[in-house]
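This report concerns only the one structure given below.
Chains as they are written, first to last, in the numbering used here: chain F, 32 to 386; chain G, 20 to 183.
Below is the structure:
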């Protein structure tokens, strides 16, 4: 093993950004915006009532036992740090939350004209984006790339036939986690282009160099939006009351946060006439202190590890497997911290049920 | 923002170094700059609480923020399991490029360890402090990263055949 080669490679590539000097003006603007956001979030938190209840005995978290938390906690925004928890915390939506839920709607569908290899368009930043679908087809050996001014990008191969997404896309259950468009401050204009370069590797510059003058590809971007109330917070993530997946409505019914630093969380799900989905949630650290590196989680249903490659529904959200719990008997869900960062683990689960 | 002139001076002095590390983590110039600005924005709010050298503090924010972004990569760079073909590594320059590609396939935690150890020249203990984890975790992540590179077909060629 020649580890010098690793050092040399890193040093060679690090010089790619040497021409970029500090942009204090932009940084100051960003700080000012963050200050306004924090101020606004503090005001909003004071005006929102979120019910946080405790179910003693139903939750066993790690080594700490099922001690209840006696007092409700104020909601936290997705930018705030998760508080230190000595016991598991249960989160339930307030009564009547479902009544104000709205379904997902089509925000925009941008697509190319025949032969057109590039498409640039502005997005209205006043819209709420909750899901997006990029599609391309009709030009084997080429790729479609979507890029925003901030550097965010996505790509899909243009093999096969072009077709719009055949079904309603997965609705992210947790706000602000699955769609960078919703958080990308410099999302617009979006640049869609076909390239002959392999967009699964390499860099944006190389991809742009491969844009053909014309193409047989048919491509586009579909963006969906939904305004559904936030009904709780799980380890810092705001939870929407309504999600849509696989053609079904899924309602948030329960959340459980593991005690801080716990290695596992066990939750008993009582018998129910409804199908349920259980989504593990792991905190995304937003600051360095206290350090909270991301752990890797594994979810177990009645003692068996759930694997999204084989188990239905085949979805891995936020890199974690979502467990499907069929209607009927009671079940036991357990989430374990596996490989990776186990120090200061901050995680929990969100439980959704179908109509 | 004249209200924290020492912060501004720190940014000017350390921008390039932070940006290089950010680029090695994100592998994209635009996102690297975005990452540095994001980390510095968080530092700005903590500036008055930071004692001593703020660089370790902001570097830890940098790494953690990158890991956080990676987890939300629905609309961002996507890793691939595609195995690099041997035909692509028949010259030293291409071998280096393939190592760069393989480094990009590492998950964020392992990539962070590699960048901190081999670019920032941190010890295992220093890396553990930066990442906010134990030395044992750094060792295991380091070993896994090297094993993953080794397991890559291209890495068998480029690493083991390259001169020491």
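A virtual CB, placed ideally from N, CA and C, is assigned to each residue, including glycine. These numbers were taken from a predicted model, which means no experiment stands behind them.
Which whole-angstrom value is the C-beta distance of residue 150(F) and residue 165(F), which I expect to be below 8 Å? Contact annotation, residue 150(F) with residue 165(F): C-beta distance approximately 12 Å; criterion of less than 8 Å not satisfied.
Can you round the beta-carbon distance between residue 81(G) and residue 73(G) to whole angstroms, since I take them to be within the 8 Å contact cut? Incorrect: roughly 12 Å between the Cβ atoms, too far for contact.
Look up residue 49(G) in the DSSP assignment and say whether it is helix, strand or coil. DSSP places residue 49(G) in helix when its eight states are reduced to three.
Taking 8 Å as the cut-off, does the region 149-169 of chain G touch the region 124-136 of chain G (at least 3 CB pairs, one atom from each stretch)? yes
What does a CB cutoff of less than 6 Å around residue 186(F) pick up in its chain, not counting 5 residues either side in sequence? Excluding the 5 residues flanking it on each side, residue 186(F) has same chain C-beta neighbours closer than 6 Å at 174, 176, 230, in chain order.
Nearest by alpha-carbon distance to residue 418(F): which of 146(G), 144(G), 76(G), 133(G) is it? Here chain F covers residues 32 to 386 and nothing more, so residue 418(F) does not appear.
Return the bridge partner residues of residue 63(G) from the DSSP annotation. Per DSSP, none; premise fails for residue 63(G).
Got a sec, what are the start and stop residues for the beta strand (DSSP E) residue 133(G) sits in? DSSP places residue 133(G) outside any beta strand (DSSP E); the residue lies instead in the alpha helix (DSSP H), whose first and last residues are 127-137.
If contact means a Cβ-Cβ distance below 7 Å, which residues of the region 130-154 of chain G contact chain F? 133, 134, 137, 138, 150, 151, 152, 153
Can you give me the start and stop residues for the beta strand (DSSP E) that residue 265(F) sits inside? The continuous beta strand (DSSP E) containing residue 265(F) extends over residues 261-265.
Which whole-angstrom value describes the C-beta separation of residue 124(F) and residue 383(F), a residue pair presumed to lie in contact below a C-beta threshold of 8 Å? At roughly 11 Å, the Cβ-Cβ gap does not stay under 8 Å, so residue 124(F) and residue 383(F) are not in contact.
Give the range of the alpha helix (DSSP H) segment to which residue 150(F) is assigned. First-last for residue 150(F): 149-152, but that is the beta strand (DSSP E), not the alpha helix (DSSP H).
Nearest-angstrom beta carbon gap, residue 379(F) and residue 309(F) [assumed within contact, 8 Å]: Between residue 379(F) and residue 309(F) the Cβ distance is about 11 Å, and since that is not below 8 Å, they are no contact.
On the CB-based measure, 16 or more other CB atoms within 10 Å of its CB, does residue 143(F) come out buried or exposed? Result: buried.
DSSP beta-bridge partners for residue 78(G)? DSSP, once it has assigned bridges, lists no residue as partnering residue 78(G).
How is residue 44(G) classed by DSSP in three states: helix, strand or coil? helix
Counting C-beta neighbours from all protein chains within 10 Å, is the total for residue 144(G) 16 or more, i.e. buried, or is it exposed? exposed
Rounded to whole angstroms, how far is the Cβ of residue 54(G) from the Cβ of residue 84(G), which I believe are closer than 8 Å? 6 Å
Under 9 Å between C-beta atoms of residue 246(F) and residue 170(F): Cβ distance < 9 Å, so residue 246(F) and residue 170(F) count as in contact.
Looking at C-alpha atoms only, which residue of 60(F), 153(F), 271(F) is the closest neighbour of residue 223(F)? Of the candidates 60(F), 153(F), 271(F), the one whose C-alpha sits nearest the C-alpha of residue 223(F) is 153(F).
Distance check for residue 276(F) and residue 350(F), CA to CA, integer angstroms please. Any reading at residue 350(F) is ruled out, since the residue's pLDDT is 43, under 50, leaving its predicted position unreliable.
With 16 other CB atoms within 10 Å as the buried threshold, where does residue 138(G) fall? buried
Going along chain G, which residues have a C-beta under 7 Å from residue 57(F)? Under the 7 Å cutoff, chain G gives 56.
Confirm, please, whether the CB-CB distance from residue 48(F) to residue 78(G) is below 9 Å. no
Looking at the C-beta of residue 34(F), does it have a partner C-beta in chain G at a distance below 9 Å? yes
For residue 335(F), the residue or residues it bridges with in DSSP: 332(F)
Quick check on the DSSP output: the beta strand (DSSP E) that includes residue 175(F) runs from which residue to which? Note, residue 175(F): beta strand (DSSP E), 174-178.
Would you kindly check if the distance between the Cβ of residue 305(F) and the Cβ of residue 385(F) is under 9 Å? yes
Taking the straight line between their C-alpha atoms, what separation do you get for residue 405(F) and residue 290(F)? Past the boundaries of the shown model lies residue 405(F); chain F is included only from 32 to 386, so the question cannot be answered.
Considering only the alpha carbon of each residue, which of 260(F), 59(F), 294(F), 58(F) lies closest to residue 368(F)? When each option's Cα is compared against that of residue 368(F), the closest is 294(F).
May I ask which residues mark the beginning and end of the beta strand (DSSP E) holding residue 130(F)? For residue 130(F), there is no enclosing beta strand (DSSP E), as DSSP gives it neither H nor E.
Suppose you measure from the CA of residue 296(F) to the CA of residue 168(F); what does that come to, to the nearest Å? 44 Å
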